[in-house]
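**Q** In the working numbering, the protein residues as written are 129 to 485.
Yeah, the Cβ is synthetic: ideal placement off N, Cα and C, and Gly gets one too.
Could you have a look at this structure, given as structure tokens, before my questions?
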Ligand SMILES: *Cc1c(COP(=O)(O)O)cnc(C)c1O
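Written out as structure tokens, the structure is:
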């Protein structure tokens, strides 16, 4: 039976990515060797990372003066690397969930942190809007898409002259970004790009070198800028997969086309939820709803049917819709690689379940 993969991360990848990665595991670039066993200094792998850099820049229309880095350690490592490299005195943070909170915790190790607003009071089911970022912050950090709660900030915050930093782990490549507004963007690969193991960092070169603290070599962005992400052995296989996904995105028509598809998928599912008597979305404000992670629960009078719906959906090949433990209910992740046909299968399952229960 065809599986419909709604996992939140690691998550669905295009068949193009998976097939090409499988081929390279057996025979990479006609070398007669697996990509698992070749030198990262080989000219064949250098070509991979060069092309991946170039495609990120092309797809996101990154202006001159920025570097694209491929680092280990996950997005969680960036929670610490960002303040180490950018926080001299004080930084502003927006608290929109668990990932934002973890970033705040790390930043506090390196300076003053002004949490300008938080939506914790209602379990992060909305995006705080009335806040100002103090002008004396070294940077302002926010999470564009809150993977666990299904909220998303699609409009760049107003920060005046303060440097802007964003964790875009779960919505990068799903919409155009005005990169020029940002000094640093990071994203763990395992939501919308590649298998786990590589984190993409887009950094304005000029933003680096303004803190006094001593930085360990590996945790200094300048090391990786200077060495083209090849200071040490980079995550070779995830970078190869990322390149395949980037090529796939280009073939699909680029970021604007992907956004159009993502918006259509999300609209289809939210419409089914909003018109249902059984299901209800956990994020009430339409403008705050994520197009990547759609969170919903059973209305209280049907709450005991939650487990049976997961089983019912499972019989139709629907995988990974159990909600995060902090939210409960269901979460359907609709990353770029998911076809709208799979969303239709889920919507039909919801309707059929409602009719039969
Ligand atoms: C998944 C996720 C993370 C954590 O990523 P790791 O690579 O596991 O460290 C951080 N931020 C957001 C928004 C995420 O979705």
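Just to confirm my understanding: we take residue 302, look at its own chain, exclude 5 residues before and 5 after, and list those with CB closer than 7 Å. What are they?
**A** Working through the chain shown from its first residue, we reach residue 302 at position 174. Taken in chain order, the residues that qualify are 320, 386, 387, 390, 419, 420 and 464.
**Q** For residue 327 versus residue 335, is the C-beta distance shorter than 8 Å?
**A** Translated into the one-based positions of the chain shown, residue 327 becomes position 199. Translated into the one-based positions of the chain shown, residue 335 becomes position 207. Cβ distance not < 8 Å, so residue 327 and residue 335 don't count as in contact.
**Q** Give the straight-line distance between the Cα atoms of residue 399 and residue 457, rounded to the nearest whole angstrom.
**A** Here residue 399 corresponds to residue number 271 of the chain shown, with the count starting at 1. Here residue 457 corresponds to residue number 329 of the chain shown, with the count starting at 1. Computed Cα separation, rounded: 17 Å.
**Q** Have a look at residue 353 and residue 195 and give me their C-alpha separation to the nearest angstrom.
**A** Residue numbering aside, residue 353 sits at position 225 when the chain shown is read from its first letter. Residue numbering aside, residue 195 sits at position 67 when the chain shown is read from its first letter. Looking at the two C-alpha atoms, the distance is approximately 6 Å.
**Q** Does residue 164 pass the burial test, meaning 16 or more other C-beta atoms within 10 Å, or should it be called exposed?
**A** As a first step, residue 164 must be located in the chain shown, where it is residue number 36. Result: exposed.
**Q** Could you tell me if residue 325 is buried or exposed, where buried requires 16 or more neighbouring beta carbons within 10 angstroms of its beta carbon?
**A** Numbered from its first residue, the chain shown carries residue 325 at position 197. Buried, since its Cβ has 16 or more Cβ neighbours within 10 Å.
**Q** Ordered along the chain, which non-local residues of its own chain (more than five positions away) have a Cβ less than 7 Å from that of residue 374?
**A** The count along the chain shown starts at 1 and reaches residue 374 at position 246. Within the same chain, and ignoring the five residues on either side of residue 374 in sequence, the residues whose Cβ sits closer than 7 Å to its Cβ are 180, 183, 184 and 187.
**Q** So, does the segment 336-352 touch the segment 153-173, judging by three or more C-beta pairs under 8 Å?
**A** Short answer: they don't touch.
**Q** Quick one: what's got a C-beta closer than 8 Å to residue 145's C-beta in the same chain, skipping five residues either side?
**A** Along the chain shown, read from residue 1 onward, the residue named residue 145 stands at position 17. Apart from the 5 residues on each side of it in sequence, residue 145 sits with its Cβ closer than 8 Å to the Cβ of 322, 369, 372, 373, 376 and 465 in its chain, given in chain order.
**Q** What's the call for residue 132, buried or exposed, on a 16-neighbour Cβ count within 10 Å?
**A** As a working note, residue 132 is residue 4 in the chain shown. Looking at its Cβ environment, which holds 16 or more other Cβ atoms inside 10 Å, residue 132 is buried.
**Q** Please determine, among 202, 286 and 210, the residue with the shortest C-alpha to C-alpha distance to residue 237.
**A** Looking up residue 237 in the chain shown gives position 109. It is 210.
**Q** When we look at the beta-carbon of residue 234 and count the other beta-carbons within 10 Å, is it buried (16 or more) or exposed?
**A** One-based indexing of the chain shown puts residue 234 at position 106. A buried status is given to residue 234, since no fewer than 16 other beta-carbon atoms sit within 10 Å of its beta-carbon.
**Q** On the premise that residue 239 lies in contact with residue 218, defined as a C-beta separation below 8 Å, what is that separation, rounded to the nearest angstrom?
**A** Walking along the chain shown from the start, residue 218 turns up at place 90. Walking along the chain shown from the start, residue 239 turns up at place 111. Confirmed, Cβ separation roughly 6 Å.
**Q** Run the CB neighbour count on residue 206, radius 10 Å, all protein chains shown included, and call it buried at 16 or more, exposed below.
**A** Here residue 206 is taken as the residue at index 78 of the chain shown, counted from 1. With 16 or more Cβ atoms within 10 Å of its Cβ, residue 206 is classed as buried.
**Q** So what's residue 293 in DSSP terms, helix, strand or just coil?
**A** In the chain shown, the residue the question calls residue 293 occupies position 165. Secondary structure at residue 293: strand, using DSSP grouped into helix, strand and coil.
**Q** Measuring CB atoms only, is the segment 440-448 touching the segment 346-363, in the sense that at least three cross pairs come out at less than 8 Å?
**A** no
**Q** Can you tell me the Cα-Cα spacing of residue 411 and residue 148, whole angstroms?
**A** As a first step, residue 411 is located in the chain shown; it is residue number 283 there, counting from the start. As a first step, residue 148 is located in the chain shown; it is residue number 20 there, counting from the start. If I take the Cα positions, the gap works out to 38 Å.
**Q** Given 7 Å as the limit, tell me if residue 297 has its C-beta closer than that to any heavy atom belonging to ligand 1.
**A** In the chain shown, residue 297 corresponds to position 169, counting from 1. Yes, the Cβ of residue 297 comes within 7 Å of a heavy atom of ligand 1.
**Q** Would a C-beta distance cut-off of 8 Å place residue 304 and residue 417 closer than the cut-off?
**A** Walking along the chain shown from the start, residue 304 turns up at place 176. Walking along the chain shown from the start, residue 417 turns up at place 289. It is not a contact, given that the beta carbons lie outside the stated cut-off.
**Q** Would you say residue 281 and residue 267 are within 8 Å of each other, going by their C-beta atoms?
**A** As a first step, residue 281 must be located in the chain shown, where it is residue number 153. As a first step, residue 267 must be located in the chain shown, where it is residue number 139. Result no, Cβ atoms of residue 281 and residue 267 do not sit closer than 8 Å.
**Q** Going by the DSSP bridge assignment, what does residue 316 pair with across the sheet?
**A** Within the chain shown, residue 316 is the residue found at index 188, counting from 1. Partner(s): 327.
**Q** What are the boundary residues of the alpha helix (DSSP H) that residue 204 is part of?
**A** Residue numbering aside, residue 204 sits at position 76 when the chain shown is read from its first letter. Start and end: 202-214.
**Q** May I ask which residues mark the beginning and end of the beta strand (DSSP E) holding residue 421?
**A** Stepping through the chain shown from its first residue, residue 421 is reached at position 293. Here the beta strand (DSSP E) through residue 421 covers 421-426.
**Q** Say yes only if the C-beta of residue 360 is nearer than 7 Å to one or more non-hydrogen atoms of ligand 1, and no if none qualify.
**A** As a first step, residue 360 must be located in the chain shown, where it is residue number 232. Because no heavy atom of ligand 1 lies under 7 Å away, the Cβ of residue 360 does not count as near it: no.
**Q** Considering only residues of the segment 388-457, which uninterrupted alpha helix (DSSP H) runs meet the minimum length of 4 residues and lie entirely inside it, listed in chain order?
**A** List check, alpha helix (DSSP H) in window: 434-442.
**Q** Is residue 273 near ligand 2, in the sense that its beta carbon is under 7 Å from a heavy atom of that ligand?
**A** What this structure holds is ligand 1, not ligand 2.
**Q** Could you have a look at residue 246 and say whether DSSP puts it in helix, strand or coil?
**A** To locate residue 246, count along the chain shown from 1; it is residue 118. The answer is strand: DSSP assigns residue 246 an E or B state.
**Q** How do the segment 275-292 and the segment 242-254 stand: do at least 3 beta-carbon pairs fall below 8 Å, yes or no?
**A** yes
**Q** For residue 352, which three-state DSSP category applies?
**A** Within the chain shown, numbered from 1, the residue matching residue 352 stands at position 224. Looking at residue 352 - three-state DSSP - the assignment turns out to be helix.
**Q** Count the other CB atoms, across all protein chains shown, that sit within 10 Å of the CB of residue 366; report buried if there are 16 or more and exposed otherwise.
**A** Position 238 of the chain shown, counting from 1, holds the residue named residue 366. Answer is buried; the Cβ neighbour count reaches 16.
**Q** By the three-class DSSP mapping on this structure, what secondary structure does residue 229 have?
**A** Here residue 229 refers to the residue found at position 101 of the chain shown. It is helical.
**Q** Out of 423, 274, 272 and 286, which has the shortest C-alpha to C-alpha gap to residue 263?
**A** Start at 1 with the first residue of the chain shown, and residue 263 comes out as number 135. Of the listed residues, the one whose Cα sits closest to residue 263 is 286.
**Q** Between which two residues does the beta strand (DSSP E) holding residue 270 run?
**A** The count along the chain shown starts at 1 and reaches residue 270 at position 142. First-last of the beta strand (DSSP E) with residue 270: 267-271.
**Q** Taking residue 137 as the reference, which of 468, 459, 482 and 190 has the closest Cα?
**A** Reading the chain shown from its first residue, position 9 is the one you call residue 137. Checking every option, the nearest Cα to that of residue 137 belongs to 459.
**Q** Spatial neighbours of residue 135 within its chain, please: CB distance less than 8 Å, with the 5 preceding and 5 following residues excluded, ordered by chain position.
**A** For the purposes of this step, residue 135 is identified with residue 7 of the chain shown, where counting begins at 1. Cβ neighbours of residue 135 beyond the five flanking positions: 447, 448 and 461.
**Q** I'd like the list of long-range same chain contacts for residue 79, defined as Cβ closer than 6 Å, with 5 residues on each side in sequence excluded.
**A** In the structure displayed, the chain extends from 129 to 485; residue 79 sits before or after that span and is not available.
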